[in-house]
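Residue numbers (this note's numbering): 16 to 193.
All C-beta atoms in this analysis are idealised placements derived from N, C-alpha and C, irrespective of residue type, glycine included.
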């Protein structure tokens, strides 16, 4: 059986940029935010976390051959920004949670691919639908998180999301990157 490795990149610039893979227990530090340009609109933005996924699939030319999907959650240092004059540990926690949310949704993709994708035929039939649905949910969740927490300025709501995010990571712990 001839295997073919296909690599799909969520954002191609991740390949050319300095990136950090999400790891249990590892936290972002302000020196990870290397962009000098604030691409976000609004003077109230203190920092911006550019994160997402890179995935690859190993599959066969035979539709009945085994398919294996691998997904990494990554933080792009060169596209992540901070306002040096206004940063603090509280804001860093809010930005870390954006990265953690990306990992939650990567785990959701891993869970669904483990459940539904066994063969190349399964991959061809199901993966794009799974991916598109989960990335839409991910973007909506990230926007909701910023809205409800007021970009981390609402300390009560931020604490609620900190707990929610920790619980989600724990519930999906079986789908950490192997």
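Per-residue burial, residue i [other beta carbons within 10 Å of its own, 16 or more giving buried]
i: residue 173; result: buried
i: residue 180; result: buried
i: residue 76; result: exposed
i: residue 97; result: buried
i: residue 67; result: buried
i: residue 27; result: In this prediction, residue 27 scores a pLDDT of 41, lower than 50, which makes its location untrustworthy; the coordinate-derived value is nonetheless stated afterwards. Classification of residue 27: exposed, given that the 10 Å Cβ count is below 16.
i: residue 158; result: exposed
i: residue 140; result: exposed
i: residue 94; result: buried
i: residue 135; result: buried
i: residue 185; result: exposed
i: residue 128; result: buried
i: residue 112; result: buried
i: residue 110; result: buried
i: residue 64; result: buried
Nearest residue (CA-CA) to residue i, options the options
i: residue 46; options: 58, 82, 59, 90; result: 90
i: residue 105; options: 37, 166, 187, 38; result: 166
i: residue 60; options: 77, 132, 162; result: 162
i: residue 41; options: 114, 130, 137; result: 114
i: residue 39; options: 64, 54, 80, 87; result: 87
i: residue 72; options: 107, 176, 146; result: 146
i: residue 133; options: 160, 80, 189; result: 80
i: residue 124; options: 51, 54, 52, 190; result: 190
Endpoints, the alpha helix (DSSP H) within which residue i is located
i: residue 36; result: Careful: residue 36 lies outside any alpha helix (DSSP H), inside the beta strand (DSSP E) at 34-36.
i: residue 58; result: Unbroken run through residue 58: none, as it is neither H nor E.
i: residue 179; result: 170-186
Bridge partners - residue i, DSSP secondary structure assignment
i: residue 145; result: For residue 145, which the question treats as bridged, DSSP gives no partner whatsoever.
i: residue 90; result: 35, 66
i: residue 96; result: 50, 63
i: residue 81; result: 134
i: residue 41; result: Note: residue 41 sits in no beta bridge, so no partner.
| Three or more C-beta pairs below 8 Å linking the segment 111-119 and the segment 153-167 | yes
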